[in-house]
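Visitor: Residue numbers (full-length UniProt numbering), protein chains in the order written: chain A, 1 to 505; chain B, 1 to 336. Built from N, CA and C at the ideal position, the CB exists for glycine as well.
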Amino acid sequence: MPEKALEIRGLLKAFGRNQVLKGIDLSLESGTVTVLMGANGAGKSTLVKVICGHHRADGGDLMLAGRPFSPADASDAISKGVVTVHQSIDDGVIPELDVANNLMLDRLVETGSGFFVHEGKLRKEAQKVAASMGIDVDLKARVADLSVADRQMIAIARAMARAPKVLILDEPTSSLSAAEANRLFALIDRLRDQGVAILYISHRLSDIRRVADRILCMRDGSISGVFETQPLDYEAAVTAMLGHRMTEVDISVEKGGAPVLELDGIRLSTDGNRFDLSARDGEVIALVGLLGSGKSRLAETIYGMARLEGGEMRIDGKPFRPASVHDAIAHGVFMSPKDRGSNAVIPAFDIANNMTLPFLSRFSAGSFLQSRRLRSRSREMNERLGVVCQSETDGIGTLSGGNQQKVMIARWLMEPCRVLLLDEPFQGVDIGARRDIGRQIRASARGRATLVFMTEIDEALEIADRIVVMTEGTIAGEHINENIDLAALVSDISGTEAGLAGHSA
Amino acid sequence: MNDRILDFAIKYGFLILLVGLVIYFSLSAPGFSSPRSAVFVLQSVAITGILALGVTCTLVVDGFDLSIGAVATSALMLSAYSMVILEQPAFVAVLLCLLIGAFVGLINGLLIVKFRVPDLLATLGMMFLLIGLQRIPTQGNSIATGMSLGNGVVAEGTFSQAFLWIGRHRFDFFVERLVPMPVVIFLVIAVLIWLFLGFTRHGRLMYAIGSNERAAGLVGAPVNTYKVVAYMISGVTASIGGILLAARLGRGDIASGNNLLLDSVAAALIGFAVLGAARPNAFGTAIGALFVGILLQGMTMMNAPYYTQDFVKGAVLVAALVFTFYLSSRRTGAGH
Numbered sequence: 001m002p003e004k005a006l007e008i009r010g011l012l013k014a015f016g017r018n019q020v021l022k023g024i025d026l027s028l029e030s031g032t033v034t035v036l037m038g039a040n041g042a043g044k045s046t047l048v049k050v051i052c053g054h055h056r057a058d059g060g061d062l063m064l065a066g067r068p069f070s071p072a073d074a075s076d077a078i079s080k081g082v083v084t085v086h087q088s089i090d091d092g093v094i095p096e097l098d099v100a101n102n103l104m105l106d107r108l109v110e111t112g113s114g115f116f117v118h119e120g121k122l123r124k125e126a127q128k129v130a131a132s133m134g135i136d137v138d139l140k141a142r143v144a145d146l147s148v149a150d151r152q153m154i155a156i157a158r159a160m161a162r163a164p165k166v167l168i169l170d171e172p173t174s175s176l177s178a179a180e181a182n183r184l185f186a187l188i189d190r191l192r193d194q195g196v197a198i199l200y201i202s203h204r205l206s207d208i209r210r211v212a213d214r215i216l217c218m219r220d221g222s223i224s225g226v227f228e229t230q231p232l233d234y235e236a237a238v239t240a241m242l243g244h245r246m247t248e249v250d251i252s253v254e255k256g257g258a259p260v261l262e263l264d265g266i267r268l269s270t271d272g273n274r275f276d277l278s279a280r281d282g283e284v285i286a287l288v289g290l291l292g293s294g295k296s297r298l299a300e301t302i303y304g305m306a307r308l309e310g311g312e313m314r315i316d317g318k319p320f321r322p323a324s325v326h327d328a329i330a331h332g333v334f335m336s337p338k339d340r341g342s343n344a345v346i347p348a349f350d351i352a353n354n355m356t357l358p359f360l361s362r363f364s365a366g367s368f369l370q371s372r373r374l375r376s377r378s379r380e381m382n383e384r385l386g387v388v389c390q391s392e393t394d395g396i397g398t399l400s401g402g403n404q405q406k407v408m409i410a411r412w413l414m415e416p417c418r419v420l421l422l423d424e425p426f427q428g429v430d431i432g433a434r435r436d437i438g439r440q441i442r443a444s445a446r447g448r449a450t451l452v453f454m455t456e457i458d459e460a461l462e463i464a465d466r467i468v469v470m471t472e473g474t475i476a477g478e479h480i481n482e483n484i485d486l487a488a489l490v491s492d493i494s495g496t497e498a499g500l501a502g503h504s505a
Numbered sequence: 001m002n003d004r005i006l007d008f009a010i011k012y013g014f015l016i017l018l019v020g021l022v023i024y025f026s027l028s029a030p031g032f033s034s035p036r037s038a039v040f041v042l043q044s045v046a047i048t049g050i051l052a053l054g055v056t057c058t059l060v061v062d063g064f065d066l067s068i069g070a071v072a073t074s075a076l077m078l079s080a081y082s083m084v085i086l087e088q089p090a091f092v093a094v095l096l097c098l099l100i101g102a103f104v105g106l107i108n109g110l111l112i113v114k115f116r117v118p119d120l121l122a123t124l125g126m127m128f129l130l131i132g133l134q135r136i137p138t139q140g141n142s143i144a145t146g147m148s149l150g151n152g153v154v155a156e157g158t159f160s161q162a163f164l165w166i167g168r169h170r171f172d173f174f175v176e177r178l179v180p181m182p183v184v185i186f187l188v189i190a191v192l193i194w195l196f197l198g199f200t201r202h203g204r205l206m207y208a209i210g211s212n213e214r215a216a217g218l219v220g221a222p223v224n225t226y227k228v229v230a231y232m233i234s235g236v237t238a239s240i241g242g243i244l245l246a247a248r249l250g251r252g253d254i255a256s257g258n259n260l261l262l263d264s265v266a267a268a269l270i271g272f273a274v275l276g277a278a279r280p281n282a283f284g285t286a287i288g289a290l291f292v293g294i295l296l297q298g299m300t301m302m303n304a305p306y307y308t309q310d311f312v313k314g315a316v317l318v319a320a321l322v323f324t325f326y327l328s329s330r331r332t333g334a335g336h
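#1: Count the other CB atoms within 10 Å of the CB of residue 302 of chain B; is the residue buried (16 or more) or exposed (fewer)?
#2: Just to confirm the assignment: which complete alpha helix (DSSP H) runs, minimum length 4, are found wholly within the segment 26–102 of chain B?
#3: Return the CA-CA distance between residue 98 of chain A and residue 205 of chain B, expressed in angstroms with no decimal places.
#4: Can you give me the C-alpha to C-alpha distance between residue 44 of chain A and residue 84 of chain A, rounded to a whole angstrom?
#5: Bridge partners of residue 421 of chain A, per DSSP?
#6: Alpha carbon to alpha carbon, what distance is there between residue 55 of chain B and residue 268 of chain B?
#7: Going residue by residue through the segment 253–306 of chain A, where are the continuous alpha helix (DSSP H) segments of at least 4 residues, counting only ones entirely within it?
#8: Let me know the secondary structure DSSP gives residue 197 of chain A once reduced to three states.
#9: Just list the beta strand (DSSP E) runs in the segment 118–185 of chain A, keeping only unbroken ones of 3 residues or longer that don't cross its boundaries, in chain order.
#10: According to DSSP, is residue 145 of chain B helix, strand or coil?
#11: Determine the chain B residues that contact residue 343 of chain A at a beta-carbon separation under 7 Å, and present them in chain order.
#12: Do residue 239 of chain B and residue 71 of chain B have their C-beta atoms within less than 7 Å of each other?
#13: Can you confirm whether residue 186 of chain B, when its beta carbon is compared against all beta carbons of chain A, has any partner nearer than 7 Å?
#14: CB residue 129 of chain A to CB residue 169 of chain A, shorter than 7 Å?
#15: Tell me which residues share the same chain as residue 55 of chain A and place their Cβ nearer than 6 Å to its Cβ, disregarding the 5 neighbours each side in the sequence.
#16: For chain B, find out if any of its Cβ atoms is closer than 7 Å to the Cβ of residue 69 of chain A; answer yes or no.
#17: Could you give the first and the last residue of the continuous alpha helix (DSSP H) run that contains residue 231 of chain A?
#18: Would you call the CB atoms of residue 171 of chain B and residue 46 of chain B closer than 7 Å?
#19: Where DSSP assigns a beta bridge to residue 4 of chain A, which residues make up the other side?
#20: Taking its Cβ as the centre, do 16 or more other Cβ atoms sit within 10 Å of residue 166 of chain B, making it buried, or is it exposed?
#21: Round the Cβ separation of residue 453 of chain A and residue 423 of chain A to the nearest angstrom and send it over; I've been treating them as touching at under 8 Å.
#22: So what's residue 326 of chain A in DSSP terms, helix, strand or just coil?
#23: In whole angstroms, what is the alpha-carbon distance linking residue 296 of chain B and residue 309 of chain B?
#24: For the segment 351–362 of chain A, which residues have a CB atom closer than 8 Å to at least one CB atom of chain B, in sequence order?
#25: My output table needs one value for residue 346 of chain B: the three-state DSSP class, helix, strand or coil.
#26: Nearest to residue 95 of chain A by alpha carbon, out of A:46, A:146 and A:68?
#27: Near residue 280 of chain B, what residues of its chain come up, given a Cβ to Cβ distance below 6 Å and the 5 sequence neighbours on each side ignored?
#28: Need the endpoints of the beta strand (DSSP E) that residue 93 of chain A sits in, please.
#29: Interface residues of chain A around residue 66 of chain B at Cβ under 7 Å?
#30: Using the beta-carbon count (16 or more within 10 Å), is residue 139 of chain B buried or exposed?
#31: Strictly below 7 Å CB to CB, what residues from chain B border residue 326 of chain A?
#32: Can you tell which of A:126, A:474, A:161 and A:78 has its C-alpha closest to the C-alpha of residue 295 of chain A?
#33: Can you grab the Cα-Cα spacing for the pair residue 372 of chain A / residue 363 of chain A, in whole Å?
#34: Tell me where the alpha helix (DSSP H) around residue 302 of chain B begins and ends.
#35: If you reduce the DSSP assignment to three classes, tell me which class residue 171 of chain B lands in.
#36: In the segment 264–310 of chain B, which residue ranges form an unbroken beta strand (DSSP E) of at least 3 residues, counting only runs that do not cross its ends?
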């Protein structure tokens with residue numbers, strides 16, 4: 001009988017009139033990975049925030065290893081052995097410090113750790129931690145200079161250094177490549193064997209298949225399903241999460257009309273390989289590739305953020321060389337960037353103002369804003385994408401991740417464009433919202449060329465007419481999304497077949 | 001229920017406090033509630049209020065302008081210099097001051113967006129530079145008609161009547177000669193900035209830049225241009241404040257305007273708390289300036305010693321900041 005590391009009974013939490021958690025019962029056992037699934041606004045984040053001491057529970061009991069547990073704040077929770085790695089990576093690292101200092105940071109905070117920093121000892125211990133995690137980066141490098149994936153690994157390694165009893169991972173793979181995700185899974189296996197109770201929050205079925213010992217589903221503030229008999233019934237879990245059956249998305253492949261965006265022998269870096277790509281009217285192209293494959297760079301180049309290093313771009317046959325983002329938008333090229341938290345959301349604004357930001361001049365007469373028109377347009381878009389909110393004047397921060405992303409996509413669907421670029425539109429978005437967004441993108445695709453940049457093959461299969469694989473700054477292969485040969489697709493993303501086996505399974 | 005009270009307190013707390021203060025002073029300080037006294041309060045806050053409105057624009061783009069006090073005193077000295085020593089007409093003096101204000105704002109903006117100097121440091125540097133610069137032409141002396149220019153030459157120019165009119169004229173408003181020109185200018189600027197920030201797309205984009213600069217840039221907003229414009233607005237309003245001060249004093253007094261920076265920054269920050277905005281806004285700034293003015297006028301009329309004034313201003317500022325940041329973070333800290 002495994003020991004219960006954390007037990008929660010009848011947990012309640014409300015914000016104002018909004019009852020977010022309606023009596024949660026759950027237990028985490030030592031040496032077990034429990035996956036928590038839940039749609040937009042199901043209350044997952046709130047639950048995590050209560051466990052890690054960020055919010056106080058309104059009612060119910062929390063027991064840690066059999067003793068009452070009510071953390072006063074985040075550091076209290078950590079010192080009692082509950083460690084959380086949050087979704088936004090930069091919460092977990094200090095960008096200005098080097099890797100060694102980041103790994104040892106918690107050690108420096110401990111009382112009684114001495115006044116002066118013993119540089120040599122600190123480095124030696126950091127070395128040990130890094131080695132045990134399989135982190136292979138220069139310990140003297142500044143964390144700000146590292147890739148997103150490395151920063152994430154360091155944030156997780158920091159959490160491990162505390163030898164936690166309970167480890168909570170909130171969508172840890174959302175910015176990792178397949179190979180890096182595999183390193184993380186290996187680490188999770190090791191911790192499970194050491195007897196750590198792990199709560200793993202994710203939307204990705206491929207991750208869940210890989211790590212889950214048991215699955216908890218949350219819906220609307222309550223636990224809607226517990227699955228712990230092997231083999232786990234994933235379809236039933238998705239059903240419990242969504243309240244209806246998961247349906248396969250059927251794509252009727254669109255060949256597209258006249259070419260809209262043509263890339264002719266372009267190069268993304270001065271020593272990069274040249275490649276061509278033509279995107280046609282009405283067509284949705286998914287550009288898939290791992291982190292660092294050049295797909296973000298391509299998006300930035302078309303959107304006027306990065307310089308074209310060679311070749312020619314044309315829109316509707318006319319040469320296109322954007323000098324700035326402003327210029328690109330003026331030519332009818334729109335982009336929804338990845339990492340909406342840092343690149344897209346205006347936290348101080350409400351839904352309507354976030355949505356209409358690029359097109360304020362269309363909602364103003366002689367510079368003065370016509371806020372009634374602006375709000376009613378936003379209300380229309382909210383309905384079209386199914387944004388769950390009280391009204392269009394809700395603060396953007398009150399929405400769940402998936403709904404925020406819907407607003408960010410609606411921002412660029414509001415006006416017609418020639419080329420729509422979507423960089424990782426499904427990052428941190430649950431499966432329900434993902435379907436809504438995908439459906440809208442496909443439904444509105446006529447009249448423009450749509451390029452979607454993503455890492456996940458599953459997601460690409462759901463949305464694209466054509467899948468283009470990128471590696472090392474160039475195009476490695478192209479597939480029409482009809483009776484697609486997954487093995488061939490996967491082998492195009494070279495050297496990572498093993499890592500992607502889980503994705504295409 | 002508790003949440004409703006908290007919401008109400010955040011939204012109307014400061015205004016209720018303001019009304020309470022007015023009632024308290026009216027009852028306990030005879031003569032406080034007269035139109036003359038009201039106008040006196042307005043007059044005392046007009047110049048700091050104008051400067052505060054400029055700072056508000058820089059706060060909106062998540063910047064800060066520490067050079068406003070120095071810009072105002074520079075404008076004061078420049079207007080005196082151009083009329084008394086260069087013997088130019090009022091029109092030229094005013095134009096020069098406005099140009100200098102815009103120019104300083106431009107330099108501040110360029111230092112920040114092009115040379116990547118942090119806003120506080122760039123404008124602090126500019127403050128030192130201007131404090132030094134304004135003293136060089138007169139070897140550190142104040143400027144007045146009849147001052148010696150060395151070699152036995154005496155300054156012949158005078159402050160023109162038209163210039164003094166800007167600072168001293170009083171319009172009839174129910175009572176004869178009631179509303180001073182600086183108050184009118186303050187109100188006009190307040191309305192203009194209020195409209196600009198709250199109701200134009202430019203203001204909306206500036207708030208977006210202040211909240212998430214990167215996201216604003218990625219929707220095509222010219223982030224750097226807006227930031228420079230914010231500092232130029234701040235420079236111009238500060239120079240207007242300097243002109244009004246010069247016109248009121250009638251001489252280029254080197255020591256005046258010492259308190260302008262702190263008072264106007266305080267007004268802008270107090271403005272965060274008005275109506276629970278929790279962000280810089282023109283209406284709040286104007287109310288913040290008024291609040292400080294009423295408090296000081298009331299205390300003066302109740303014979304509180306002058307040296308307690310700064311302490312009271314500081315206390316009000318700290319209270320307002322607690323209102324803004326603690327209470328409203330408790331309210332919006334919710335969410336998923």
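Guide: In short, the structure shows the following:
#1: exposed
#2: 35–60 and 68–80
#3: 36 Å
#4: 13 Å
#5: A:335 and A:451
#6: 7 Å
#7: 295–302
#8: strand
#9: 166–170
#10: coil
#11: 214, 215 and 218
#12: yes
#13: no
#14: no
#15: 49
#16: no
#17: Looking at the DSSP string, residue 231 of chain A is not in any alpha helix (DSSP H), and its letter there is neither H nor E.
#18: no
#19: A:29
#20: buried
#21: 5 Å
#22: helix
#23: 7 Å
#24: 353, 357, 358, 360 and 361
#25: For chain B, the structure presents residues 1 to 336; residue 346 of chain B sits outside this window and is missing.
#26: A:146
#27: 56, 59 and 60
#28: Here residue 93 of chain A belongs to no beta strand (DSSP E), and DSSP marks it neither H nor E.
#29: Those do not exist, as residue 66 of chain B stays about 23 Å from chain A at its closest Cβ, beyond 7 Å.
#30: exposed
#31: 220 and 222
#32: A:474
#33: 9 Å
#34: First-last for residue 302 of chain B: undefined, no H or E at that position.
#35: strand
#36: none
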